[in-house]
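Asks: Residue numbers (this note's numbering), protein chains in the order written: chain U, -19 to 348; chain L, -19 to 348.
A virtual CB, placed ideally from N, CA and C, is assigned to each residue, including glycine.
Predicted model only: the values in this text are computed from it and were never measured.
One structure, pasted below without further comment.
And the structure:
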């Protein structure tokens, strides 16, 4: 895996870059659709390609529990399993273990947890989490981390941070140094600058291929989140990509791109789509509303995606109310296309040193 | 609407024909996927086209209740509403009113029923049912009929038949004689030959563009069903298409084609697909079974559909267990493709006077 920083925006922290993997290259900033269980919900691989999407994220936690990583390995790894020819990044499962597993117990060695599916007990070490992701065949792999909730005390955040650092070291030792793949460290430290600083310093010494910002967007105030991102990205080496996990609304993407973030993933765009909420240049639109009953217009008149070119708001409203799968397909397609186009336009604006202007114009229209 | 009988099989009742509509022509025998609520469940119009499907069925009852036919009319009719460029046949809603409406009361004038969605009361006459289908923009329209259950007494079946005939006459009077569209009568009469005979005679006098066989596959024994179909098709004019409503397994299709049926529709192929049951040349396969956990092979090794060319049984099993929409898309695609190919091959065999052989060979392999 190779990251090339191609251009830095003149007046913001915005960066245009490119990541090359053995499953193709993609430009940053990038939004990576989430294929939690080995499928980007409701969308086919060909449709992702059609939208210009070249990298997706899959969840090691979910795939470890079902169908099991050995099955995926036997079936040729995630790319072959899913019929996806682009790049795949897998998360370590740390976030899921600490958020959706009904019970977890963590010690220096690793983390014990129960499956949210059947209550079965599992114990994973950072080395095993690496092994799982390697078996899945991911192009970019995340170290196992301990994600702190919000609010959290300094002491608690420090303990989680120390464990995260210790696990990062062990993962790096176990790492096979496969040049075709990338290993990312995860910056923790809650909302405490001294802890974030220490975490960055220690991780950078280990020289990861990229750095993720973990433990953010977990309920902290917007200003604190912004402060933490700005502080963290400014201390990270510019030669490595920065990945903000779990972020995915248009306004957050643009805000965080301006703070120097390169990579994003989020399940929200497809989740809200299935419920009938879509992004448009004029803000979010809830297609269930009675106002759209007889509306012959597209979801977003300024969008040229398959959904907007072929279907009316009236039809989409009907499909969503009638719980038709096609409705969820079409709204999911639109939302992913919208974000793919947004990050592409953001990169274009950064190239021309006009990101600030682009962001402000987008937000003016989006917040109407 | 125009039907041309192109060839009759030498040794069975099998017929190869062609129906032309203002939304394109299609060959018979034909299987029409069901778009109950204005969408063939989980499948896009482009995918239907890709499979060679040129005609679908939509349910007037469902669309009348939601979103309402006036909305569809305002949005340009069903073709425009659904982004479907092929032909559309709508059923009259008779079957739904008598099967899924929680309460119905029928008299000479029409039928009173409650919506299965919200319990609201509705009253529809045959003329209104025609008007609704015209407003929906269907290419082929069905008269309102009264569908008898099974078992039913001769007297009950006779009463339903008389009402059906009376409604057929009224519908024919109200029919605008639009040459671009076709109006089909529905043969009722339960499992009584004298009633079926009388119904056919009366309907043929009215000279419909095609004839549907109603009130079958409602629980009667297989031999009785076969007898009724054979008896009815033999008394229908060969110059008109015969449509057997609600039939859709491979074995039934081939059986009924051999009895002279030209058109079929059924929700079963996509319904069982969403639950993980698929058709293969070697019979039905339940992909949920543990046996397929690590199976790298396609659903059906003898199938060349998109699903079979790109996805393993192991992956599809995982998607269905994980309730992923993509799993339902891929299995639905396969089942519809399977039937589209089956009727195409059936037509090919009829052309060569080899339908009997084709059917026997298919069944030998299918029943293995």
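Relative to the C-alpha of residue 240 (chain L), which residue among L:-19, L:-16, L:-17 and L:-12 is closest?
Replies: In terms of Cα proximity to residue 240 (chain L), the closest of L:-19, L:-16, L:-17 and L:-12 is L:-12.
Asks: Nearest by alpha-carbon distance to residue 37 (chain U): which of U:87, U:119 and U:9 is it?
Replies: Checked all of U:87, U:119 and U:9; the closest Cα to residue 37 (chain U) is U:119.
Asks: State buried or exposed for residue 351 (chain U), treating a residue as buried only when at least 16 other CB atoms are found within 10 Å of its CB.
Replies: Look at the range of chain U in this structure, -19 to 348, and you will see that residue 351 (chain U) is not part of it.
Asks: Nearest CA to the CA of residue 122 (chain U): which residue from U:128, U:110, U:260 and U:116?
Replies: For residue 122 (chain U), the nearest C-alpha among the options comes from U:110.
Asks: Determine the chain L residues that contact residue 31 (chain U) at a beta-carbon separation under 8 Å, and present them in chain order.
Replies: Going along chain L, no residue has its Cβ under 8 Å from residue 31 (chain U), so there is no contact; the nearest lies around 15 Å.
Asks: Output, in chain order, the set of chain L residues within a Cβ distance shorter than 7 Å of residue 19 (chain U).
Replies: 299, 304 and 306
Asks: Can you name, in chain order, every residue of its own chain whose Cβ lies under 8 Å from the Cβ of residue 233 (chain U), other than the five neighbours on each side?
Replies: 9, 11, 227, 244, 319, 322, 323 and 326
Asks: Assuming residue 63 (chain U) and residue 13 (chain U) make a contact with CB atoms under 8 Å, what is their CB distance in whole Å?
Replies: Between residue 13 (chain U) and residue 63 (chain U) the Cβ distance is about 15 Å, and since that is not below 8 Å, they are no contact.
Asks: In the region 41 to 54 of chain L, which residues sit with their C-beta less than 7 Å from some C-beta in chain U, listed in chain order?
Replies: If the cut-off is 7 Å between Cβ atoms, the region 41 to 54 of chain L has 46, 47, 51 and 54 near chain U.
Asks: Between which two residues does the alpha helix (DSSP H) carrying residue 301 (chain L) extend?
Replies: 293 to 301
Asks: Below 8 Å CB to CB, which residues in the same chain sit around residue 108 (chain L) once its five sequence neighbours on both sides are set aside?
Replies: 90
Asks: Exposed or buried, residue 71 (chain U), counting other C-beta atoms within 10 Å across all chains shown (16 or more means buried)?
Replies: Buried is the call here.
Asks: Which one or two residues does DSSP pair with residue 395 (chain L) in a beta bridge?
Replies: Outside the modelled stretch of chain L, which goes from -19 to 348, sits residue 395 (chain L), for which no answer is possible.
Asks: List the whole-angstrom C-beta distance separating residue 35 (chain U) from residue 67 (chain U), where the pair is believed to meet the contact cut-off of C-beta under 8 Å.
Replies: 4 Å
Asks: Enumerate, from N- to C-terminal direction, the unbroken beta strand (DSSP E) stretches of 3 or more residues contained entirely within the region 128 to 173 of chain L.
Replies: Qualifying beta strand (DSSP E) stretches, in chain order: 162 to 167.
Asks: State yes or no: is the C-beta of residue 222 (chain L) within less than 7 Å of the C-beta of residue 242 (chain L)?
Replies: yes
Asks: Helix, strand or coil for residue 42 (chain L), going by three-state DSSP, please let me know.
Replies: Under the three-state reduction of DSSP, residue 42 (chain L) is assigned to helix.
Asks: If we define contact as Cβ-Cβ less than 7 Å, is residue 81 (chain U) a contact residue for chain L?
Replies: no
Asks: Which same chain residues end up closer than 8 Å to residue 16 (chain L) when comparing Cβ atoms and leaving out the 5 residues on each side of it in sequence?
Replies: 38, 39, 42 and 247
Asks: In angstroms with no decimal places, state the Cα-to-Cα distance between residue 314 (chain L) and residue 337 (chain L).
Replies: 25 Å
Asks: May I ask you to verify whether the region 196 to 215 of chain U touches the region 133 to 153 of chain U, counting CB pairs closer than 8 Å and requiring at least 3?
Replies: no
Asks: Leaving aside the five residues before and after residue 211 (chain L) along the sequence, list all residues of the same chain whose C-beta is less than 7 Å from its C-beta, in chain order.
Replies: 173 and 176
Asks: Quick one: residues in its chain with C-beta nearer than 7 Å to the C-beta of residue 204 (chain L), no 5 flanking neighbours on either side, listed in chain order?
Replies: 171
Asks: Nearest CA to the CA of residue -5 (chain U): which residue from U:329, U:343 and U:344?
Replies: U:329
Asks: Helix or strand or just coil, what does DSSP make of residue 201 (chain L)?
Replies: Coil at residue 201 (chain L), not helix or strand.
Asks: Pull the bridge partners of residue 120 (chain U) from the DSSP assignment, please.
Replies: U:69 and U:162
Asks: Express the C-alpha separation of residue 342 (chain L) and residue -10 (chain L) in angstroms, rounding to a whole number.
Replies: Between the C-alpha atoms of residue -10 (chain L) and residue 342 (chain L) there is a straight-line separation of about 19 Å.
Asks: Could you give the uninterrupted runs of the beta strand (DSSP E) lying entirely in the region 214 to 268 of chain L, keeping only those of 3 residues or more?
Replies: 222 to 224, 243 to 246, 257 to 260 and 263 to 266
Asks: Quick one, which residues of the region 266 to 278 of chain U are near chain L if we go by CB-CB under 7 Å, in chain order?
Replies: Flagged, chain order: 273, 274 and 276.
Asks: Who are the near neighbours of residue 84 (chain L) in its chain, counting only those whose CB is closer than 8 Å to its CB and skipping five residues on each side?
Replies: 77, 78, 91, 92, 93 and 94
Asks: Using a Cβ cut-off of 8 Å, pull out every chain U residue sitting near residue 62 (chain L), in sequence order please.
Replies: 295
Asks: Could you check the C-alpha separation between residue 169 (chain L) and residue 127 (chain L) for me, to the nearest Å?
Replies: 9 Å
Asks: Please check if any C-beta of chain U sits within less than 7 Å of the C-beta of residue 292 (chain L).
Replies: yes
Asks: Measuring only the C-alpha atoms, how far is residue 44 (chain L) from residue 124 (chain U)?
Replies: 54 Å
Asks: Under three-state DSSP, which class holds residue 330 (chain L)?
Replies: helix
Asks: Suppose you measure from the CA of residue 218 (chain U) to the CA of residue 304 (chain L); what does that come to, to the nearest Å?
Replies: 39 Å
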